[in-house]
Structure formats: structure tokens, C-alpha cells
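Heads up: the structure comes next, in C-alpha cells.
2 protein chains.
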Amino acid sequence: MSINPNISNLRHEILGVSVSLFAEAGYSGVSMRDIAKSVGVTPAALYYHFPDKQTLYVETVRFALDRNENQIEKALATDGTPEERFMRFIKGYILLIHDDPDFRRLVQREILDTNAERQELLFQTALKKEYCSLIEIVSQIAPSVNAHVMAVTVITSVLYHFEMAPIKRMASAQLEEPLPITIAEHLGQILLYGLKGNEGQNTNENSQTET
Amino acid sequence: MSINPNISNLRHEILGVSVSLFAEAGYSGVSMRDIAKSVGVTPAALYYHFPDKQTLYVETVRFALDRNENQIEKALATDGTPEERFMRFIKGYILLIHDDPDFRRLVQREILDTNAERQELLFQTALKKEYCSLIEIVSQIAPSVNAHVMAVTVITSVLYHFEMAPIKRMASAQLEEPLPITIAEHLGQILLYGLKGNEGQNTNENSQTET
DNA sequence: GTCTATATATGGATAGAC
DNA sequence: GTCTATCCATATATAGAC
Chain U
3 MSINPNISNL RHEILGVSVS LFAEAGYSGV SMRDIAKSVG VTPAALYYHF PDKQTLYVET
63 VRFALDRNEN QIEKALATDG TPEERFMRFI KGYILLIHDD PDFRRLVQRE ILDTNAERQE
123 LLFQTALKKE YCSLIEIVSQ IAPSVNAHVM AVTVITSVLY HFEMAPIKRM ASAQLEEPLP
183 ITIAEHLGQI LLYGLKGNEG QNTNENSQTE T
Chain G
3 MSINPNISNL RHEILGVSVS LFAEAGYSGV SMRDIAKSVG VTPAALYYHF PDKQTLYVET
63 VRFALDRNEN QIEKALATDG TPEERFMRFI KGYILLIHDD PDFRRLVQRE ILDTNAERQE
123 LLFQTALKKE YCSLIEIVSQ IAPSVNAHVM AVTVITSVLY HFEMAPIKRM ASAQLEEPLP
183 ITIAEHLGQI LLYGLKGNEG QNTNENSQTE T
């Protein structure tokens with residue numbers, strides 16, 4: 003949405019290439035020379051568009067967030083029943099996270115990052131909305147469930163699901179990876195039943211199955 | 003503890019320091035100088051114990067895995083009902099992942115890593131056992147649930163839960179972080195009910211089960 | 001086994017030509 | 001706006017003294 007046609011093409015090309023490279027190797031795993039080479043310019047050209055590597059990196063993260071903003075908005079739409087919103091969130095995010103692996107990995111790297119300032123940027127601009135929406139939805143569906151644990155469970159489940167694909171293949175060699183929408187439906191059902199099952203028994207002093 | 007007293011103390015000290023540093027900043031974010039400085043020796047001393055940085059890194063990952071082997075074995079014990087095993091897995095892993103944040107972050111970095119060889123090492127020595135155990139347990143509890151989706155959901159939920167702590171704090175400022183055992187109980191209930199709720203869908207007669 | 005000293009490569013960043 | 005050329009800090013790794 004915020005793409006201004008007046009702004010140089012090279013700037014956008016740099017950002018697009020940077021998303022891939024930083025997603026693949028992380029901030030310190032990519033040099034300005036790597037980026038310049040991938041774009042097909044000299045390192046000096048990068049410094050015309052960005053004052054330093056740190057700034058280029060932050061702009062890269064913003065760029066990756068921006069290009070998924072529409073999808074994110076759709077997944078967070080507030081119409082429908084809480085159950086519908088819950089499933090829409092999971093489907094929307096699984097698709098988003100599946101379709102843009104560079105975005106997914108960049109977000110995962112940012113979460114691992116210890117730079118407080120950059121983490122603040124990511125959490126404020128990306129994850130906070132999702133988290134608060136989930137808290138709201140979950141509280142409506144099942145007030146007695148710990149909404150924080152549930153929200154975190156949903157976010158981690160969608161955000162990291164596809165990173166486990168290699169394990170699936172190793173455990174059952176000729177397993178064909180299901181379509182993302184199929185995964186979303188299974189995941190949504192599991193988590194939705196998890197919510198409702200807990201709601202069934204509100205007072206849990208001995209909350210586990212009898213042994 | 004599998005620490006062999008015959009092996010040099012410095013080697014172990016290097017590995018211990020390396021776990022922290024690599025967990026914090028990743029492979030390319032840590033230099034041999036950084037490690038040497040943290041240990042209190044010169045870089046040359048590192049090269050007496052390890053041929054190069056790559057090898058030191060791989061040994062560091064092994065070291066971090068080894069020091070948690072006992073806990074992992076306990077969490078994977080095969081006695082008890084499937085439901086008991088399921089809860090034991092979640093409790094054991096949440097505790098392990100909570101108590102050794104360096105191990106947790108190192109594993110997360112390895113999962114993000116694109117080096118196929120190193121990923122194979124991690125998946126074979128650490129994650130495969132967990133994954134296969136979960137597939138087995140889940141199939142016993144709820145044969146009609148997609149066991150792969152469920153196993154991946156459980157692993158991602160425990161492995162990444164604590165990385166979302168900053169978000170929790172941002173969303174509700176004075177929220178006190180609950181004890182790991184409390185988190186494990188909530189998470190276990192949600193996921194166990196998710197399993198059973200889905201199972202109820204097909205064969206609707208067992209609301210109360212085994213002894 | 002650990003140090004000093006150093007070879008050699010690669011990193012971020014800038015000046016000035018065009 | 002992009003390039004050539006280069007500065008300078010930092011990186012991995014090794015040789016040889018002790």
C-alpha cells in the first residue's frame with residue numbers, strides 16, 4: 003500500500019533481495035557485499051539509499067511486514083462469531099506463513115534477536131495486534147481457559163509449523179506434505195476443541211484425567 | 003553427568019561459554035575472539051582444542067544436547083497410559099526448555115539454519131525421537147486425529163512458548179509470568195482436549211475413558 | 001597447552017570521479 | 001545515482017616461542 007512510484011526502483015530491489023538474504027542467513031550472516039552482488043550493483047550504491055547496514059536491515063523488516071499487511075488485516079477481521087474468527091485467524095495465518103517463507107523466517111529471526119529496539123518494532127507493528135485479537139476471541143469462546151497460554155499456543159503453532167517439515171519427512175520418508183488449507187483445518191479443529199473441552203469443566207482442582 | 007574428568011577442563015569451559023554465546027548471537031554473530039575473551043584465553047588456545055570454528059560450533063550443539071539427555075529421556079518414558087505419557091511429555095519439555103534457555107535458543111537457531119548437514123544432526127539426535135513418540139501417543143489417544151499436525155503442534159508449542167513472553171508483557175504490562183509447571187498444565191489440558199474433542203467427532207460414545 | 005605475533009581474508013563504510 | 005578505489009577494523013587461522 004505504501005509503495006510510492008516516485009521512489010527509486012533500485013531501493014525496492016535492494017529491499018526485496020535483502021528480505022531473502024537476511025531471512026536465509028540472518029543479520030550478521032549477510033554482508034553489504036552479498037546484497038550488492040545479488041542486486042547487481044556495487045556496495046557503494048547501497049550506501050546512497052541507506053545510511054548503514056542496521057538501517058537497511060530495519061527497513062527490510064518493515065518492507066516484509068508491509069507487503070503482507072493486506073493478508074494480515076483480512077485474517078484479523080472482526081465480523082462473524084468468535085468461532086469463525088478463530089478459524090479465520092488460523093487459516094489466514096497458515097496461508098500467509100506458507101506463501102511467504104522469507105517473511106516467516108525473518109519474523110522468526112527477529113523473535114530470536116536480543117536487540118531490544120528491533121524486537122520492540124516487530125512486536126508493536128506485527129505481533130501485538132494478533133495477540134490481543136486472540137485474547138479477545140479466546141475469552142469469548144472459553145472464558146475459563148487461560149487466554150495467554152492459548153494465544154501463545156495458536157501463534158507458535160502457525161508461525162513455526164512449516165519449520166518442522168524436514169522432521170515429518172525424516173520420520174515417514176514418503177509422506178507428501180498436505181496443502182496448507184488442510185493443515186489449517188486440522189490445526190484449527192484441534193485448538194478449537196482444546197478450547198471448548200476445557201470450557202466444559204470450569205472448576206479444575208483436579209483437572210487431569212483420572213489415573 | 004557424562005563429564006569425563008580426563009578431558010581437559012578448558013575444553014569444557016570453552017563449550018560451556020560457547021553454548022551461551024552462540025545461543026545469544028548465532029554462528030556468524032560470534033567470533034573466535036569473543037569466545038576466547040569470555041573464557042579468558044587467547045584465540046590460539048581455542049585452536050589447540052578445536053580445528054576450526056565450524057567444528058567448535060557442532061561440538062557446542064552436541065554439548066548442549068548431551069547435558070539435557072537425562073531430562074529428555076525422562077520426558078519420553080514409555081510407562082503409563084497414553085494420556086499420562088502425553089502430559090509427562092509436555093511437562094518434561096516445558097521444564098527443560100524453561101530451565102535451559104541457552105539450549106532452547108540454540109535448538110531454535112539450528113532449526114532456522116539452512117545448513118543441511120547440521121540440521122540432520124539436530125533432527126536425528128534430538129527431535130526425531132520426540133516426534134515419533136508423539137505420533138505413537140497421539141495415535142493411541144485419538145486415532146482419527148491427524149497425528150503429524152498434532153505432533154508438530156505439541157513440539158512447536160513447548161519449544162517456542164517462552165519466546166512469546168515479551169509479547170505477554172507488552173499486552174498486559176503487569177502480568178506476572180506463571181510458573182512453568184502451571185503453563186505446562188494449561189497447555190497440556192488444551193492440547194489433550196483438542197485431541198479428545200476431535201476423537202469424539204467420529205465415535206461419540208466415550209466421554210469418560212480408561213482407568 | 002597456552003602465549004605472542006602475524007598472515008590473509010573479509011567486513012562496514014567513505015571520497016571523489018563520472 | 002552509480003562506480004572505482006581505498007581506508008580501516010575485525011575475522012579466521014597458523015607459526016613458532018615458552
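As given, the protein sequences belong to chains U and G, one line each in that order.
In terms of my numbering, the first sequence opens at residue 3 and continues consecutively.
In terms of my numbering, the second sequence opens at residue 3 and continues consecutively.
Every residue gets a Cβ at the ideal spot worked out from N, C-alpha and C, and that includes glycine.
6 Å CB neighbourhood of residue i in its chain, flanking five on each side removed
i        : result
Ala66/U  : Val21, Phe105 and Leu108
Pro180/U : none
Ala149/U : Ile137, Val140 and Ser141
Ser135/U : Leu78
Glu187/G : none
Arg87/G  : Ile139
Minimum Cβ-Cβ distance from residue i to chain U less than 8 Å
i        : result
Gln176/G : no
His163/G : yes
Asn208/G : Bear in mind that the predicted position of Asn208/G carries a pLDDT of just 41, short of 50, making it too unreliable to give a figure here.
Gly31/G  : yes
Interface flag, residue i vs chain G, CB-CB below 8 Å
i        : result
Thr83/U  : no
Met89/U  : no
Ile137/U : yes
Phe125/U : yes
Ala215/U : Outside the modelled stretch of chain U, which goes from 3 to 213, sits residue 215/U, for which no answer is possible.
Gln56/U  : no
Tyr59/U  : no
Lys214/U : Nothing about residue 214/U can be reported from this structure: the residues present for chain U run from 3 to 213 only.
Arg106/U : no
Thr155/U : yes
Tyr95/U  : no
Ile185/U : yes
Tyr133/U : yes
Contacts of residue i in chain G (Cβ-Cβ under 8 Å)
i       : result
Thr62/U : Simply none; closest approach about 16 Å.
Partners in chain U for residue i, counting only beta-carbon separations shorter than 8 Å
i        : result
Thr116/G : Glu26 and Ala27
Neighbourhood of residue i by C-beta, 7 Å cutoff - its chain only, sequence neighbours within 5 removed
i        : result
Met34/U  : Pro45, Leu48 and Lys55
Asp102/U : Asn70
His100/G : Phe164 and Pro182
Glu112/U : Val63, Arg120, Gln121 and Leu124
Tyr29/U  : Tyr59
Assigned secondary structure, residue i (DSSP; H/G/I helix, E/B strand, else coil)
i        : result
Thr155/U : helix
Thr184/G : helix
Ser135/U : helix
Glu178/U : coil
Pro168/G : helix
Asp81/G  : coil
Pro45/G  : helix
Gly28/G  : coil
Asn117/G : coil
Val147/U : coil
Asn208/U : Because Asn208/U carries a pLDDT of 42, less than 50, the predicted location of this residue cannot be relied on, and the following value inherits that uncertainty. The answer is coil: DSSP assigns Asn208/U none of H, G, I, E or B.
Asn216/U : Here chain U comprises residues numbered 3 to 213, so residue 216/U is not present and cannot be evaluated.
Asp101/U : helix
Glu112/G : helix
Ser33/U  : coil
Ser10/U  : coil
Glu15/G  : helix
Phe52/G  : coil
Cross-chain neighbours of residue i in chain G, by beta carbon under 7 Å
i        : result
His188/U : Asn148 and Val151
Gln110/U : Leu114
Thr158/U : Thr158, Ser159, Tyr162, His163 and Met166
Chain G residues whose Cβ lies nearer than 9 Å to that of residue i
i        : result
Leu98/U  : Per Cβ cutoff of 9 Å: no residues; Leu98/U is ~16 Å from chain G at best.
Gln121/U : Pro168
Per-residue contacts from residue i into chain U (C-beta, under 7 Å)
i        : result
Val43/G  : Ordered by position in chain U, no residue passes the 7 Å Cβ test against Val43/G, which lies about 23 Å from the chain.
Asn200/G : Gln191, Ile192 and Tyr195
Spatial neighbours of residue i in its chain, beta-carbon cut-off 8 Å, leaving aside the 5 residues before and after
i        : result
Glu85/U  : Ile143 and Leu194
Leu98/G  : Asn70, Gln73, Ile74, Ala77 and Phe105
Ser10/G  : His51
Lys93/U  : Ala77, Ile183, Ala186, Glu187 and Gly190
Tyr162/U : Gln110
Lys131/G : Ile74 and Leu78
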